[in-house]
Every structure is written in structure tokens, then in C-alpha cells.
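Residues in the sequence shown are numbered from 11 upward in steps of one, following this note's numbering. Think of the CB as a built atom: it goes at the ideal place given N, C-alpha and C, for glycine as much as any other residue.
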Amino acid sequence: MASYFRFVIRKAGWVLALAFIITLFLGYEIKNLKVETDISAALPKGVPAKRLYDKVGKIFPSRDFILVVVESNNLFQTRVIAKIQALTKHFEDMPDVYSVMSPTNAKIILGTKEGIDVRDVLTQVPQTPEEMAAYRKRLLSDNIFTGNIISNDHKAAGIMLFLKKNIHAREAAGEVISYIKKNKGDLKILATGKPVVNYYLAKGMDTDMRRLFPLAILVVFFIPLFRFKRIKMVLIPLAVVIFSVIWTFGVMALVHSPLSHSTTIMPILLISIGVADGIHILNHYFSNSRFIKERDKLVHFTMMELHG
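This is how it looks when you write it as C-alpha cells:
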């Protein structure tokens, strides 16, 4: 390592220039870094339970779905049914949605002398108490709806959105959530399902990164400043930790390794380790500077001391 340290010291300008160029390249690649919020994807593939999960998923493939729930003390009101119907029609028109099932577009199957008769449970929103009572009777007469798209206490209705395959389910969930927030009125409308969970995980990861990373940078700035009382000595460990984060994320993007919920802590770990090592190295450097005055020899001696 002695020859390596001497080479770096002699060619310090070239080494720094090369590091800066690599940092620019890897920083540009970060735009291609993907975010993986699927918890099952983060599990090791060699785990028996994960292998079984993947095998069952291949044998019995299923579509992602989103469940939108409308809550009301009395579902069978004109304004509530009208809202459910409006939501249903909007979701049916979404390009990423394969099919929608709700209390306003469900089908009822009736037995007839000729065989069976399939009818719409609702053709238009009931306007009178008599029409509403007839609609309620039709809907609740089929046990398949109760407990699936109508709660047992009749205070919640479910709208099931089945998504198309090979789409960005998380983006579709974001569109659903955005539409609900803008159009829920005075009703309580919620959304759940795997795409919704992944949407909020991605949103939380982004929020954590935006909050924690600047705070960590501030800590990195003030700790060396408190110790060494020199701005120059602050910039050295600060540059190291920023470069390390850029290099890590850039390499992850190059090798197509997505950022997951378990790796969002990585920048904070890199910063904490980087600033600790930076303070450790600078502390040895200034301690040795009391008896070694030539800079190149001082740097070489310090690195050899730490390496040994």
C-alpha cells in the first residue's frame, strides 16, 4: 500500500479530476435508478417460503386490484348511490383498469322457465323512496354481494378495480387516490390494496429521503466545524460523503439494482460512516503535523499509520 499511497500523493490532481469525472457520470445515471416498493421482491430468493410464494404466483397468476370503500351511516341514499355510480364510471374509463365491480354495475342472475336471465342491478340512480327500496331489495337478495361489495351492516360499499397486466400499478393507484381526494365531497372514501400500499411506501421513502438527507448533511457540516474550527476541514469530509452517496446510487442504477424500503437508510449510513472516518483521518493528520512539516510526507505517514 505504500507505493499506492505515494502514487496518489504524486498524482493528487489527476486522481481528484478522475474522481470528479466519475462522480459526474454516476450522478447522471441516478436518473435511471428505480424504486421497488414490493416487500416480497426484497426477500431473498433462496428462502423456502419465498420460492413457494413465487411458484404459486406462476401457477395461479392474478391481477393486481384496488378496493375503494365508501362509508356512510345510510348507503341507500340518492346522493351516496350517485357518488358510487360516478366513481364506478370514472374508474371504468381509466386506461390501466381492466374491469370494475361495484354496487351500481353488478349483475344479478335470475332463474326463468327458459334458463337464466342476467340483468343489471341498477339502470339509473333511484330518485324516490320506492325506487331506492326496490334497488336495495335487488342488491341484497343475492348473498354474493353482501360481505364483498356491501358490508354486513350495510354501512360501507366496495368498488373493486382490477388492473391490467404489465402496467405501472403504483401510478394507477396514485391516479385513483388523487381522484378520490378531489371528488369525495362529504363522504368518507378510502382506498386499499397492494398497489395502494406500494404507492404510499414510495411516497414515504421519497419524503424520508428529502427530510433526512439534508439534515444529515447539516450534521456532517457542523460536527467537523465544531472539532477543527476550519471551513476547509469541513468541506473535505462533506465532499467525501456526498461523493460516496452519488457513487453508490449511480452504481445501483448501472447494475439495475432498485432502491427499496430497506435500502433508503443507506445514504444516512454512508454519511455517518464517512464523517466518522473523515474526522478520524483528519485528527491523525493534525496530530502528526506537530512533528512532520512536509505535507507529502505528512499525508503518506498518516495513511500508512491508519492502514497499519
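What separation, rounded to the nearest whole angstrom, lies between the Cα atoms of residue i and residue j?
{"i": "Lys99", "j": "Asn176", "result": "23 angstroms"}
{"i": "Val135", "j": "Leu149", "result": "13 angstroms"}
{"i": "Met313", "j": "Ala22", "result": "14 angstroms"}
{"i": "Gln95", "j": "Arg73", "result": "23 angstroms"}
{"i": "Leu292", "j": "Met215", "result": "34 angstroms"}
{"i": "Val90", "j": "Asp218", "result": "37 angstroms"}
{"i": "Lys68", "j": "Ile119", "result": "32 angstroms"}
{"i": "Arg220", "j": "Ser161", "result": "40 angstroms"}
For residue i, tell me which candidate among the options has the shortest Cα-Cα distance.
{"i": "Phe238", "options": "Gln87, Arg305 and Ser297", "result": "Ser297"}
{"i": "Leu43", "options": "Pro277, Val261 and Phe75", "result": "Val261"}
{"i": "Leu97", "options": "Ala144, Lys194 and Leu211", "result": "Lys194"}
{"i": "Val255", "options": "Ala27, Leu36, Met11 and Phe15", "result": "Leu36"}
{"i": "Arg129", "options": "Lys117, Pro139, Glu140 and Thr138", "result": "Lys117"}
{"i": "Glu141", "options": "Leu53, Gln87 and Leu308", "result": "Gln87"}
{"i": "Ile275", "options": "Pro139, Thr258, Ala263 and Asn83", "result": "Thr258"}
Check whether the Cβ atoms of residue i and residue j lie closer than 8 angstroms to each other.
{"i": "Val78", "j": "Leu197", "result": "no"}
{"i": "Ser270", "j": "Glu39", "result": "no"}
{"i": "Ala29", "j": "Asp106", "result": "no"}
{"i": "Val244", "j": "Ile281", "result": "no"}
{"i": "Pro247", "j": "Gly284", "result": "yes"}
{"i": "Gly168", "j": "Ile154", "result": "no"}
Leaving out five residues on either side along the sequence, give the residues of the same chain with a beta carbon under 6 angstroms from the beta carbon of residue i.
{"i": "Ile32", "result": "none"}
Excluding sequence positions up to five away, which residues of its chain have a Cβ less than 7 angstroms from the Cβ of residue i?
{"i": "Leu85", "result": "His164, Lys165 and Ala167"}
Between residue i and the rest of its own chain, which residues show a CB-CB distance below 8 angstroms, the 5 nearest in sequence each way excluded?
{"i": "Glu185", "result": "Met104 and Asp106"}
{"i": "Ser50", "result": "Lys60 and Tyr63"}
For residue i and chain B, any beta-carbon pair shorter than 8 angstroms?
{"i": "Val107", "result": "Of the protein chains in the structure, only one exists, and it is not chain B."}
(Q) Just to confirm the assignment: which complete beta strand (DSSP E) runs, minimum length 3, are found wholly within the segment 158 to 200? (A) 166 to 173
Q. What alpha helix (DSSP H) runs, 4 residues minimum, are completely inside the segment 83 to 122?
A. 88 to 103
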